[in-house]
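Remarks on the structure that follows.
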Amino acid sequence: MMRVFVVVLICVVFLSGADPKKNTKHSHVLKRQETGGCRQGEFQCHSGAIDCVQEEWTCDSQSDCEDNSDETLPQCPPPNECTGPHEILCKGTGNCVPLEYRCDGDRDCLGGDDEAGCDLFQCSAGEVKCSNNVCIETQWMCDNQDDCKNGWDELPENCKS
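Numbering (mature numbering (1 follows the signal peptide of the UniProt record, and there is no 0)), first residue to last: -20 to -1, 1 to 141.
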């Protein structure tokens, strides 16, 4: 039974023209050799072949063209720069993560950039800093819920009135 499933799957991939090795966000690049060009709302890859991708797929940090031309346009933000005002840059990968991920106790950047230097990080008014440098609302202290992600806010010595 499993052998039949694998054969059927291979046939479906082959007949659909999908390239199982292609690692892009959008699984298909439109081939327009027969019409001679891309349609309105499509971007033509610079690879020489008439490969088209949706215009909204350009400058989205995900290469859809084999030659990456959909990510190297003049209007694309330079690599290693975040476009949103409330984002921080992960230096190792060039990815951007929301500012609220900074010093939250979770490593959202591959190299841990979002958690670096958190011992110097100050919490906002109405917050308390946990032993792992995570800031939580003061009212969350001693509420029988582990808000610090390490139990610090529920330790008996921190819950004395």
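Backbone N, C-alpha and C define an ideal beta-carbon position, used for all residues, glycine too.
Beta-carbon within less than 7 Å of residue i's beta-carbon, same chain only, minus the 5 sequence neighbours each way: which residues are those?
{"i": "E107", "result": "C115, I116, E117, T118"}
{"i": "R82", "result": "I68, D94"}
If distances are taken between C-alpha atoms only, which option among the options comes closest to residue i?
{"i": "N113", "options": "C103, N124, V77, I68", "result": "C103"}
{"i": "E61", "options": "K129, G74, A105, W37", "result": "G74"}
{"i": "G21", "options": "G28, E36, Y81", "result": "E36"}
According to DSSP, is residue i helix, strand or coil?
{"i": "D126", "result": "coil"}
{"i": "C32", "result": "strand"}
{"i": "L53", "result": "coil"}
{"i": "P136", "result": "helix"}
{"i": "L90", "result": "coil"}
{"i": "C115", "result": "strand"}
{"i": "C98", "result": "helix"}
{"i": "E80", "result": "helix"}
Once you ignore the five residues that flank residue i on each side, which residues in its own chain have a CB closer than 8 Å to its CB?
{"i": "H26", "result": "C45, D47, S49"}
{"i": "C39", "result": "D50, E51, L53, Q55, C56, P57"}
{"i": "G16", "result": "I30"}
{"i": "D99", "result": "N113"}
{"i": "D126", "result": "D133, E134"}
{"i": "E80", "result": "H66"}
Assuming residue i and residue j make a contact with CB atoms under 8 Å, what is their CB distance in whole Å?
{"i": "P78", "j": "H66", "result": "6 Å"}
{"i": "W132", "j": "N124", "result": "Not confirmed; about 14 Å, so no contact."}
{"i": "C76", "j": "G85", "result": "Not really, about 19 Å apart at Cβ, beyond 8 Å."}
{"i": "residue 142", "j": "C110", "result": "Coverage of the chain is limited to positions -20 through 141, which leaves residue 142 absent and any answer about it impossible."}
Give me, in chain order, the residues of the same chain whose beta-carbon lies closer than 6 Å to that of residue i; leave out the 5 immediate sequence neighbours on both sides.
{"i": "D93", "result": "C70, K71"}
{"i": "N130", "result": "N112"}
Residue i: beta carbon under 7 Å from a heavy atom of the ligand PLP?
{"i": "D40", "result": "Although the ligand PLP was asked about, the structure shown includes no ligands whatsoever."}
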